[in-house]
Amino acid sequence: MKIVWSPLSLERVEDIARYIAEDNPDAAVRWVDDLFATVERLADFPKSGRMVPEVGSPRIRELIFGTYRVIYSARDQVDILTVRRSSQLLRMSELGDDET
Numbered sequence: 125m126k127i128v129w130s131p132l133s134l135e136r137v138e139d140i141a142r143y144i145a146e147d148n149p150d151a152a153v154r155w156v157d158d159l160f161a162t163v164e165r166l167a168d169f170p171k172s173g174r175m176v177p178e179v180g181s182p183r184i185r186e187l188i189f190g191t192y193r194v195i196y197s198a199r200d201q202v203d204i205l206t207v208r209r210s211s212q213l214l215r216m217s218e219l220g221d222d223e224t
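The numbering used here numbers the first residue of the sequence shown as 125 and each following residue consecutively.
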């Protein structure tokens with residue numbers, strides 16, 4: 125199954141990596157590499173993430189990556205919708221109009 129990153133999700137990854145790089149540039153590179161490798165597994169196992177509790181739809185799932193949530197939709201392809209710290213509230217607007 126194909127993995128497609130939304131512009132918002134890529135922006136979030138870039139922001140997080142930039143923040144990590146302020147203290148440790150090497151750690152930021154490792155974090156991004158590990159994130160992409162972990163998400164790539166969704167191509168073979170798209171339903172491996174749990175349903176997002178705030179949404180309650182079987183189409184919207186999340187993969188926990190360290191202290192982050194990778195929110196995605198799995199249908200004909202895996203659409204990565206956003207990446208958030210687990211402690212942050214999820215805004216429904218981040219899921220796109222047709223996702224909820």
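Just so it is clear, CB atoms sit at the ideal spot from N, CA and C, and this is done for glycine as well.
CA nearest to the CA of residue i, picked from the options
i: residue 130; options: 207, 151, 157; result: 207
i: residue 135; options: 176, 165, 210, 205; result: 205
i: residue 177; options: 203, 163, 193, 168; result: 193
i: residue 220; options: 213, 141, 195, 139; result: 195
i: residue 182; options: 197, 126, 148, 145; result: 197
i: residue 125; options: 216, 139, 171, 140; result: 171
Bridge partners - residue i, DSSP secondary structure assignment
i: residue 206; result: 195
Rounded Cβ spacing between residue i and residue j (contact assumed at less than 8 Å)
i: residue 201; j: residue 128; result: 6 Å
i: residue 174; j: residue 186; result: 6 Å
Simplified DSSP state of residue i, which is helix, strand or coil
i: residue 128; result: strand
i: residue 169; result: coil
i: residue 142; result: helix
i: residue 183; result: coil
i: residue 154; result: helix
Residue burial classification, residue i (beta-carbon count within 10 angstroms, cutoff 16)
i: residue 203; result: buried
i: residue 210; result: exposed
i: residue 188; result: exposed
i: residue 217; result: exposed
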